[in-house]
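Data first, discussion second: the structure below is written as structure tokens.
Number of protein chains: 2
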Amino acid sequence: MNAYVYGYGPEGKERLIVVDLGVTFPDMDGTPGVDLIFADLEWLEANADRIDAIFITHAHEDHIGALPHVWNKLRKPVYARAFTGRIGQLKLEEAGIPPETIQIVEPRPKVIEAGPFKVQFVPISHSIPESSGLIIDTPAGRVVHTGDFKLDGNPIVGEPFEPEMWHAIAKEGDGVKVLVSDSTNVFSPLPGRSEATLAEPISELIRAQTGMVVATTFASNVARLKTLAEAGKAAGRSVCLLGRAMKRMVSVAEETGVLKGMPGTISAEEASDVPRQNLMLIVTGSQGERRAASAQLSRGKYLGLELKEGDTFLFSSKTIPGNERGVIRIMNAFSEMGVDVVDDHGGLYHVSGHANRPDLEAVHELLAPKMLIPMHGEHRHLREHAKLAADKGIASEVATNGTMIDLTGKAPKVVEYIEAGRTYLDGSVQIGAMDGVVRDRMRMALNGLCLVTLILDEEDQPLGEPWVELNGLPKLGRSGAPLAETIEDEMTQYLERASIKVLKNDDKIDEGLRRIARQVSMEEIGKKPEVIVVTSRLTD
Amino acid sequence: MNAYVYGYGPEGKERLIVVDLGVTFPDMDGTPGVDLIFADLEWLEANADRIDAIFITHAHEDHIGALPHVWNKLRKPVYARAFTGRIGQLKLEEAGIPPETIQIVEPRPKVIEAGPFKVQFVPISHSIPESSGLIIDTPAGRVVHTGDFKLDGNPIVGEPFEPEMWHAIAKEGDGVKVLVSDSTNVFSPLPGRSEATLAEPISELIRAQTGMVVATTFASNVARLKTLAEAGKAAGRSVCLLGRAMKRMVSVAEETGVLKGMPGTISAEEASDVPRQNLMLIVTGSQGERRAASAQLSRGKYLGLELKEGDTFLFSSKTIPGNERGVIRIMNAFSEMGVDVVDDHGGLYHVSGHANRPDLEAVHELLAPKMLIPMHGEHRHLREHAKLAADKGIASEVATNGTMIDLTGKAPKVVEYIEAGRTYLDGSVQIGAMDGVVRDRMRMALNGLCLVTLILDEEDQPLGEPWVELNGLPKLGRSGAPLAETIEDEMTQYLERASIKVLKNDDKIDEGLRRIARQVSMEEIGKKPEVIVVTSRLTD
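Residue numbers (our numbering), protein chains in the order written: chain A, 1 to 540; chain B, 1001 to 1540.
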């Protein structure tokens, strides 16, 4: 959920620009029921009048996904290049925001002036077309913000990494003061491989199959989609794309001219008439997402298409840590159908979109920055990248979420920690990560729920017995009796013994009944549920 | 959650033996709040009078963990070798079952007679001491049940794999009719490596450190514990074990004589007085378990010990798929403390306990079985192993959970599918996976809860307004008003319009209020909560 802010000016009155507004995805472990997660923008909102512009480096969800959800709070011009911008415009339209909010700009040498900043988009290779680094020139010096990148001289779709251009960037004026750099693959010791290395092995694999071939990859990896489609075509197969995100990426890539020569594809309806040995599907859901095409196919027929014994399913992707369970579930479901599942073991069918350790070192040398701020990675990646820089004599600092760093001196200096939490999109509303909503959901999931209702009459005496409903708890306790009844019996006894002072006091009744529910449950089923007590008084 | 059953005799009256009774572990994704998961033993319980014995191959939780929870339902003699048996006895004691229930037996040539079966325990190497394969001789031929194994000629602790002995086993009588074999690493293309290869790299790593060294591994990998402790000792460090499971394994291994020459260790209390450059901790929690020592240390001080900048934390383990999130959380927490985290990248500091593909092929050749039944793996592993066997001309069959296979012919023949679900240990009670308890918990976690209480008077008229409580839902809706109040207002209007026929009918009221709660929530917050309606009638 990338969101970077650069500022320049007198302390506390700096003019600001924002780079990227991304999301991250929820999981059952920590954010059940949540739809999307993005950075808490409270500080930016409070300082919105100081923001001059928002720049989006590329169209991956972790860089652009929050834009439609938070733009209304900032209301500043957004700049992006054609492909990224068009993807963003479609998102804004869906959120009811005028698409012209995003201004499409040309890359370097075009300069965008935003307050004291002069910003250029610089083509850089990544696993999505038209990813850009930013040159951010300020009166205090030049910052290079790499965005996500790899060193790929032949990325199939989109622009290659051009060392000469980056060399020129490093030589202009006083050179690069600060490099803010992708750190994702700092632990990968070998140089990264080009997207172009995949065409041959993928083609060979598909050529060797006799049943239907289905391949999945990241929807936004347009180069991979082209490689897969061409391999299918070359093997005499009609190619069908399944999944809305994937179709959108291809159509925007063609519309904006970044994708050319993509083989023609057929619809799912047409595909169901093609003999399986002549068919290739390219589908969404490489991360095991339950609603994507891969998962749907693993559960049976989807849009009239169905996998069978002798078919082949290729994961032309890697599993992002945390998504293993979902991916493995799909693999085994296909295995049960008799489908051969091929994954990326050995990297034959997938390459990463991020610069590996030697690539990062090459960029350090190419740009010769005075300082380096690692970005895009977990803490251990940032720390390792900072150590790598320090070993080369480049001043560095690990910036955790919310860290404000002064870059005007000779070394990065932490000046402030801004409260920077997370915001959840939950259904149609945004809630704070610390609001307790998700905490309550997790407690119900872990402990189950015991619901108690009690009615008291005009004399504060219980009208009938308390009523207990359980949800997410075993029906029978250790004693063999229904747990709800055992709890009700204990509560009835408690209320019979209770003084009028207690019976007149909602808090005391709540406390007493809650304690009984938890104690009895602990004895009967060995766990303490969440308890909600509703006391109704006829006198009210 | 391994549990295998072999039977011999007239159809429907076969005498039975059970091999292993293991558990698997719950997660938030599918089993929130559950403590342990094991096979549903309904069929075995119903046929308990036909069971002659239970055999436990080794002391890993996925082979022995269910024993204390299900033994009371079967009440048959249990056989195991000394180390495994002692671990099992301690578990039974804690469950209030007499430890003598487990009979400690010697390995081959000792034969245990159980009904028509003659069973021998055969030492085999694995990542826990004293793992055993079983030779199961029946009037219909010999079955070799490998248990979990690898081909290790020097496992440091426990017995090596002895090809000569296995060769002899294959030559006795009519040879091996059926091989039932571990399949875990069938996708690992290179021969497995010996536990002994780790001593050198681990020693080098520890020798090079200047701060405190902490290492984690699987508590039951006694050989690894010895290697780690020896490496620490050799580097001039006092060694302290943290974690109950680990201490138990070491003490039982020493008590039963399988572990000899373990360096002496110090207590946590003593450790806190040792200078950090002279200290090594060996701790539980290699899989990121929240309550284990690794996680505790990642959160701060634990038993008086605390990691600091310049210390080193070694994962001498691999992360089991599905546990990545927990492990990564710990790695980043240590990174934030300035601790260098070393993991198994490249396999320098960990080897697997399972036979790789070429090792499996070597065993196929060594034992020359007529049939092979793959076990211990996900479906894709079993399927791949079956294909591997079929390629060699060995008849094979994938047996999913509950499959009953006739092994008396020339090829395995599926004869029945027995209903074989999962049982959850939830607190102190056992519930069925399909009981709906966990489903209800997950629904509350995903959708939140809306609780409605309504009181109707003697004339079936609402007494006051319905009362709504929300749990795990945002307080405010899109309209800016409290969601609970908006729902209550809609409900009040509905009840005012309701006919007496509706008001007399609890089901109709329930249905109406439930629909309103879901509709209003959808409009206000974009999600449909779980709804519980409690209607109380004063006439009752």
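From the three backbone atoms N, C-alpha and C, an ideal C-beta is built for every residue, glycine too.
Listed in chain order, the non-local C-beta contacts of K1091/B below 6 Å within the same chain comprise P1068, local neighbours out to five positions each way being set aside.
With its beta carbon less than 8 Å from one in chain A, D1426/B belongs to the interface. For R325/A, a Cβ of chain B is located within less than 8 Å of the residue's own Cβ. Nearest Cα to G402/A within the set A395/A, V414/A, S396/A, K226/A: V414/A. Rounded to whole angstroms, the separation of the alpha carbons of N356/A and P189/A is 7 Å.
With respect to V222/A, V144/A sits apart: the two C-beta atoms are not nearer than 8 Å. In the three-state DSSP reduction, N332/A falls in the helix class (H, G or I).
Within chain A, the C-beta atoms nearer than 7 Å to that of P1032/B come from A445, L446, in chain order. Residues of the segment 448–459 of chain A with a C-beta less than 8 Å from any C-beta of chain B: G448, L449, L451, T453, I455, listed in chain order. Under the three-state reduction of DSSP output, R1325/B falls in the helix class.
Counting C-beta atoms within 10 angstroms of its own C-beta, K1171/B has fewer than 16 neighbours from the protein chains shown and is therefore classed as exposed. A Cβ-Cβ distance of about 28 Å is found for the pair V1180/B and M1434/B, leaving them out of contact under the 8 Å criterion. One thing to note: E1045/B has its Cβ within 8 Å of the Cβ of L1074/B. For D137/A, same chain residues with a beta-carbon under 6 Å away, outside a window of 5 residues either side, are K118 in chain order.
Between K1318/B and the set P1107/B, F1055/B, I1102/B, S1127/B, the nearest pair of CA atoms involves S1127/B. For the C-beta of R1478/B, the chain A residues within less than 8 Å are, from N- to C-terminus, S428, V429. At a beta-carbon threshold of 7 Å, none of the residues of chain A lie near P1107/B; the nearest stands roughly 35 Å away. Per the coordinates, the alpha-carbon of S220/A lies some 18 Å from the alpha-carbon of V327/A. At a beta-carbon threshold of 7 Å, none of the residues of chain B lie near I97/A; the nearest stands roughly 17 Å away. In terms of CA proximity to E511/A, M491/A leads the group V363/A, S251/A, M491/A. Residue contact check for D1344/B against chain A: no CB pair falls below 8 Å. Among the residues of chain B, those whose CB is under 8 Å from the CB of I532/A are L1451, E1469, N1471, following chain order. Under the three-state reduction of DSSP output, S521/A falls in the helix class. For a Cβ distance threshold of 9 Å, nothing in chain B lies close to R86/A: the least Cβ distance comes to about 27 Å.
Taking the Cα positions, F121/A is about 27 Å away from F25/A. Put simply, the segment 407–424 of chain A does not touch the segment 374–389 of chain A. Fewer than three CB pairs are less than 8 Å apart.
When secondary structure is reduced to three states using DSSP, R193/A falls in the coil class, being assigned neither helix nor strand.
With fewer than 16 neighbouring CB atoms inside 10 Å of its own CB, P139/A falls in the exposed class. If you compare the alpha carbons of R1086/B, A1003/B, C1450/B with that of E1255/B, the shortest gap goes to R1086/B. The CB of D29/A comes closer than 9 Å to the CB of D1027, M1028, D1029, R1325, G1326 in chain B, given here in chain order.
Residues of the same chain with a CB within less than 6 Å of the CB of M246/A, apart from the 5 flanking positions on each side, are A219, T284 in chain order. Taking C-alpha positions only, S203/A is separated from F161/A by approximately 25 Å. L305/A is not a Cβ neighbour of V213/A, given a cutoff of 8 Å. For F334/A against V342/A, the beta-carbon gap comes to about 10 Å, at or over 8 Å, which does not count as contact. By the neighbour-count definition (other C-beta atoms within 10 Å, threshold 16), D311/A is a buried residue. Listed in chain order, the non-local C-beta contacts of L1366/B below 8 Å within the same chain comprise P1163, W1166, H1167, A1170, local neighbours out to five positions each way being set aside.
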